[in-house]
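When you line the sequence shown up against full-length UniProt numbering, it's residues 1 to 521, in that order.
Ideal placement from N, C-alpha and C gives every residue a C-beta, glycine not left out.
Worksheet: the structure to be examined is printed underneath.
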Amino acid sequence: MTQFAERLGQVAQDPEVFKSLIRGIERETLRYSQDGHLATTPHPVELGSAYANNWITTDFSESLLEFITPISTSIEELTAQLQDIHHFTQTKLYQEKMWPLSMPCFVGDEDQINLAQYGNSNSGRMKTLYREGLKRRYGSLMQIISGVHFNFSFPESFWDQLYGSQTDELRCKTKSEGYFALIRNYYRFGWLIPYFFGASPALCSSFVKGNESDLPFGKIGDTLYLPQATSLRLSDLGYTNSAQSALKIGFNSLEEYLDGLNQAIRTPSDEFASIGVKVDGQYRQLNTNVLQIENELYAPIRPKRVALSGEKPSEALSRGGVEYIEVRSLDVNPYSAIGIDEDQIRFLDLFLTWATLTDSEPMDYCEQACWRENWNKVIIQGRKVGLPLQIGCHGEVLSLQDWAKRVFIEIIQVAEKMDQALGGEDYQSVCYKLLSWIDDPEKTISGRLLADTKRSGGIGKLGCELGKEYSQHHLKHSFKVYSAAEMEAEATRSLKAQQELEAAEAPSFDEFLADYFSYLE
Numbered sequence: 001m002t003q004f005a006e007r008l009g010q011v012a013q014d015p016e017v018f019k020s021l022i023r024g025i026e027r028e029t030l031r032y033s034q035d036g037h038l039a040t041t042p043h044p045v046e047l048g049s050a051y052a053n054n055w056i057t058t059d060f061s062e063s064l065l066e067f068i069t070p071i072s073t074s075i076e077e078l079t080a081q082l083q084d085i086h087h088f089t090q091t092k093l094y095q096e097k098m099w100p101l102s103m104p105c106f107v108g109d110e111d112q113i114n115l116a117q118y119g120n121s122n123s124g125r126m127k128t129l130y131r132e133g134l135k136r137r138y139g140s141l142m143q144i145i146s147g148v149h150f151n152f153s154f155p156e157s158f159w160d161q162l163y164g165s166q167t168d169e170l171r172c173k174t175k176s177e178g179y180f181a182l183i184r185n186y187y188r189f190g191w192l193i194p195y196f197f198g199a200s201p202a203l204c205s206s207f208v209k210g211n212e213s214d215l216p217f218g219k220i221g222d223t224l225y226l227p228q229a230t231s232l233r234l235s236d237l238g239y240t241n242s243a244q245s246a247l248k249i250g251f252n253s254l255e256e257y258l259d260g261l262n263q264a265i266r267t268p269s270d271e272f273a274s275i276g277v278k279v280d281g282q283y284r285q286l287n288t289n290v291l292q293i294e295n296e297l298y299a300p301i302r303p304k305r306v307a308l309s310g311e312k313p314s315e316a317l318s319r320g321g322v323e324y325i326e327v328r329s330l331d332v333n334p335y336s337a338i339g340i341d342e343d344q345i346r347f348l349d350l351f352l353t354w355a356t357l358t359d360s361e362p363m364d365y366c367e368q369a370c371w372r373e374n375w376n377k378v379i380i381q382g383r384k385v386g387l388p389l390q391i392g393c394h395g396e397v398l399s400l401q402d403w404a405k406r407v408f409i410e411i412i413q414v415a416e417k418m419d420q421a422l423g424g425e426d427y428q429s430v431c432y433k434l435l436s437w438i439d440d441p442e443k444t445i446s447g448r449l450l451a452d453t454k455r456s457g458g459i460g461k462l463g464c465e466l467g468k469e470y471s472q473h474h475l476k477h478s479f480k481v482y483s484a485a486e487m488e489a490e491a492t493r494s495l496k497a498q499q500e501l502e503a504a505e506a507p508s509f510d511e512f513l514a515d516y517f518s519y520l521e
């Protein structure tokens, strides 16, 4: 018996383990007007305070909505929560709709992208200033690309089955080790996610206006596309920071990761120093380091812990270890009204469990460079049959298809155990569906989307068609988990919470920032 099979067998001895996987979703979507252009209106006050609403907020821009579900152990409940949030939001948007794609709708000028506003409290002003820094560092267009973030953790019983009875201190350590084993394997094989679910092989030409690219784009009207691309959102056209490529952040332990992250937020940047911090009395960014704050670190997956009030993400991890992981490489699924479907969630359950249970050797910086190359290949030309990938600096070179099938040999074993625990064959069905996508890349979401883009005459036309369909779908929806009264109450509560924060006595903004960043001195 392999070590993987042994570990899987240990965990599966308790059928409750697979019934208790913990998940949460964050979905981003742009508000847009009837003509397919970016909405320039403020965040609707009927949705409450973007600063304090627990379910509905904004990301970079006033027009970039972000929906956040509570955590749930039920896939059906999780998607129902997201449906309810979409329904409530659409009832408050009037003529505006939610853009169903990751890459933005038509944007005439970057000046139309209004920074998200969080009120006049010091913490609210800091959130907007952070976005001002992003705008000046990278431009606004790449910041309004939408994605879906999947938060995932195992129940305590998973770790008990895997490692036996432990003290709280030891369990904290072994859990973090387990999650970092997952993270390393995610970097090695997570390109499966953009291969299957990448949904941005094309983009509106307004996105690259004025920025030359050497990518061999084809053209359909105002749409640019790459014939074999899966996820341009994850490419160099998406969110990038060339200065970050020089950072040394390892994934072999929590300590190594935190050391690298703490070094990164203290690394000065000559390029960003040229922007200035406070010029003529106006702030332009939080500081001139490579990362203004930890969240600026681009990563396809992050170790996380819920922070206490006033606690920074790295401080939370240092205090209590890894609590959950955040998967950040999912494009918005254009064939789901809520941007993700249940089969995607089931595959993530399978893949993340497999990545934790299968062998995960330490990873050096040479191997990190290798997986970056693999991801980039899959992102730009993943639907090229026979695409060669190399796992490890001196590893074996196989085609994407061969590597994927090797991984699926073990993933199917996980699916069998999950189906035994839950009843039915849902997880195995997902496996066999995706296996057919391995041999036929045009069945993938990016393959389907590019074909539909060509039929529609461009990505803008297709986005408007889907957006109209989903708008009507959301309006017809009936609440499943929440109620209209609950959603209205949260909106009202959030506005009051922001008002109370703004009314409280506080130090000056200069003093607030100096105190916040005192740890860098």
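ask   = Going by the CB atoms, is the gap between residue 328 and residue 305 shorter than 8 Å?
value = For this step, residue 305 is matched to residue 305 along the sequence shown. For this step, residue 328 is matched to residue 328 along the sequence shown. Not a contact, by the Cβ cut-off of 8 Å.
request  = If I'm right that residue 403 touches residue 389 with Cβ under 8 Å, what's the distance once you round it to whole angstroms?
outcome  = Taking the sequence shown and counting its residues from 1, one reaches residue 403 at position 403. Taking the sequence shown and counting its residues from 1, one reaches residue 389 at position 389. That pair is a contact at about 6 Å.
request  = Using three-state DSSP, classify residue 331 as helix, strand or coil.
outcome  = As a first step, residue 331 must be located in the sequence shown, where it is residue number 331. Residue state, collapsed to three classes: strand.
ask   = Hey, residue 60 and residue 136: beta-carbon distance below 8 Å or not?
value = Position 60 of the sequence shown holds residue 60. Position 136 of the sequence shown holds residue 136. No, the pair does not count as a contact, with Cβ atoms beyond the cut-off.
message = Less than 8 Å between the C-beta atoms of residue 266 and residue 275, yes or no?
response = If you number the sequence shown from 1, residue 266 lands on position 266. If you number the sequence shown from 1, residue 275 lands on position 275. The answer is no: Cβ separation not under 8 Å.
query = Expressed to the nearest angstrom, what Euclidean distance is found between the alpha-carbon atoms of residue 399 and residue 312?
reply = Position 399 of the sequence shown holds residue 399. Position 312 of the sequence shown holds residue 312. Residue 399 and residue 312: Cα-Cα distance of roughly 42 Å.
key: Where residue 37 falls: helix, strand or coil (DSSP)   = Along the sequence shown, read from residue 1 onward, the residue named residue 37 stands at position 37. The answer is strand: DSSP assigns residue 37 an E or B state.
task = May I ask you to report which of helix, strand or coil DSSP gives residue 464?
result = Locating residue 464 in the sequence shown gives position 464, where the first residue counts as 1. Residue state, collapsed to three classes: helix.
key: C-beta contact flag for residue 222 and residue 460 at 8 Å   = For the purposes of this step, residue 222 is identified with residue 222 of the sequence shown, where counting begins at 1. For the purposes of this step, residue 460 is identified with residue 460 of the sequence shown, where counting begins at 1. Result yes, Cβ atoms of residue 222 and residue 460 sit closer than 8 Å.
inquiry  = Let me check understanding here. Comparing Cα to Cα, which of 156, 128 and 67 lies closest to residue 174?
reply    = On the sequence shown, position 174 is the one that residue 174 refers to. Answer by Cα proximity: 156.
task = Name the residue from 436, 350 and 435 whose alpha carbon lies nearest to the alpha carbon of residue 417.
result = Position 417 of the sequence shown, counted from the first residue, corresponds to residue 417. The residue with the shortest Cα to Cα distance from residue 417 is 350.
Boundaries of the beta strand (DSSP E) in which residue 444 is found, first to last residue = Reading the sequence shown from its first residue, position 444 is the one you call residue 444. Counting along the chain, residue 444 falls outside any beta strand (DSSP E), and DSSP gives it neither H nor E.
ask   = Sorted by chain position, which residues of the same chain lie with C-beta nearer than 7 Å to residue 215's C-beta, five sequence neighbours on each side aside?
value = Counting from one through the sequence shown, the residue named residue 215 turns up at place 215. Excluding sequence neighbours, residue 215 sits near 226.
ask   = Since residue 370 is in the alpha helix (DSSP H), which residue starts that stretch and which ends it?
value = By 1-based counting over the sequence shown, the position of residue 370 is 370. For residue 370, the enclosing alpha helix (DSSP H) has its first and last residue at 365-381.
query = Quick one: complete alpha helix (DSSP H) runs, 4+ long, within the stretch 180-267?
reply = 192-197 and 254-264
ask   = How is the beta strand (DSSP E) around residue 336 delimited, first residue to last?
value = Here residue 336 corresponds to residue number 336 of the sequence shown, with the count starting at 1. Premise fails: residue 336 is in no beta strand (DSSP E) and is neither H nor E.
Spatial neighbours of residue 122 in its chain, beta-carbon cut-off 6 Å, leaving aside the 5 residues before and after = Within the sequence shown, residue 122 is the residue found at index 122, counting from 1. So the list reads 506, 509 and 512, once near-sequence residues are dropped.
query = Since residue 151 is in the beta strand (DSSP E), which residue starts that stretch and which ends it?
reply = Mapped onto the sequence shown, residue 151 falls at position 151. Here the beta strand (DSSP E) through residue 151 covers 147-153.
message = Could you compute how far the alpha carbon of residue 140 sits from the alpha carbon of residue 34?
response = Within the sequence shown, numbered from 1, the residue matching residue 140 stands at position 140. Within the sequence shown, numbered from 1, the residue matching residue 34 stands at position 34. Going by C-alpha positions, residue 140 is about 22 Å away from residue 34.
query = Can you give the Cα-Cα distance for residue 103 and residue 145, rounded to whole angstroms?
reply = Numbered from its first residue, the sequence shown carries residue 103 at position 103. Numbered from its first residue, the sequence shown carries residue 145 at position 145. Cα-Cα distance, rounded: 5 Å.
query = Quick one: Cα of residue 280 to Cα of residue 290, how far?
reply = Numbered from its first residue, the sequence shown carries residue 280 at position 280. Numbered from its first residue, the sequence shown carries residue 290 at position 290. For residue 280 and residue 290, the gap between their C-alpha atoms comes out near 23 Å.
ask   = What's the C-alpha gap between residue 503 and residue 52?
value = Locating residue 503 in the sequence shown gives position 503, counting from the first residue. Locating residue 52 in the sequence shown gives position 52, counting from the first residue. When rounded, the distance between both Cα atoms is 15 Å.
message = Would residue 113 and residue 458 qualify as a contact pair, given that the criterion is a beta-carbon distance under 8 Å?
response = Within the sequence shown, numbered from 1, the residue matching residue 113 stands at position 113. Within the sequence shown, numbered from 1, the residue matching residue 458 stands at position 458. No, the pair does not count as a contact, with Cβ atoms beyond the cut-off.
task = Please determine if the stretch 19-27 and the stretch 59-79 are in contact, where contact requires at least 3 C-beta pairs separated by less than 8 Å.
result = yes
key: Beta-carbon spacing of residue 478, residue 324 below 8 Å   = Reading the sequence shown from its first residue, position 478 is the one you call residue 478. Reading the sequence shown from its first residue, position 324 is the one you call residue 324. Not closer than 8 Å, so no.
message = Can you tell me whether residue 505 is helix, strand or coil according to DSSP?
response = Translated into the one-based positions of the sequence shown, residue 505 becomes position 505. Looking at residue 505 - three-state DSSP - the assignment turns out to be coil, as it is neither helix nor strand.
task = With residue 351 as the anchor, note down where its alpha helix (DSSP H) starts and where it stops.
result = Along the sequence shown, one-based indexing puts residue 351 at 351. It spans 342-357 - the alpha helix (DSSP H) in which residue 351 sits, taken as one unbroken run.
task = With a 10 Å radius around its C-beta and 16 neighbouring C-beta atoms as the bar for buried, classify residue 357 as buried or exposed.
result = Indexing the sequence shown from 1 puts residue 357 at position 357. So residue 357 ends up on the buried side.
inquiry  = What does the Cβ neighbour count give for residue 394, buried or exposed, with the cut at 16 atoms within 10 Å?
reply    = Within the sequence shown, the letter at position 394 stands for residue 394. When all chains shown are included, residue 394 counts as exposed.
request  = Over the uninterrupted beta strand (DSSP E) stretch that includes residue 304, give me the two end residues.
outcome  = Numbered from 1 along the sequence shown, position 304 holds the residue referred to as residue 304. Residues 301-304.
query = Around the C-beta of residue 45, are 16 or more other C-beta atoms found within 10 angstroms, so that it is buried, or is it exposed?
reply = Against the sequence shown, residue 45 aligns to sequence position 45. Exposed: under 16 other Cβ atoms inside 10 Å.
task = Find out if the Cβ-Cβ distance for the pair residue 106, residue 36 is shorter than 8 Å.
result = Translated into the one-based positions of the sequence shown, residue 106 becomes position 106. Translated into the one-based positions of the sequence shown, residue 36 becomes position 36. For residue 106 and residue 36, yes; Cβs fall inside 8 Å.
message = DSSP three-state label for residue 103, please.
response = Mapped onto the sequence shown, residue 103 falls at position 103. In the structure shown, residue 103 sits in coil (DSSP, three-state: anything other than H, G, I, E or B).
query = How far does the beta strand (DSSP E) with residue 284 in it reach, from first residue to last?
reply = As a working mapping, residue 284 is identified with position 284 in the sequence shown. Unbroken run through residue 284: none, as it is neither H nor E.
task = Using 10 angstroms around the beta-carbon of residue 97, count the other beta-carbons present and answer buried if the total reaches 16, otherwise exposed.
result = Translated into positions along the sequence shown, residue 97 becomes position 97. Buried: at least 16 other Cβ atoms inside 10 Å.
task = Using three-state DSSP, classify residue 390 as helix, strand or coil.
result = Along the sequence shown, read from residue 1 onward, the residue named residue 390 stands at position 390. Correct three-state label for residue 390: strand.
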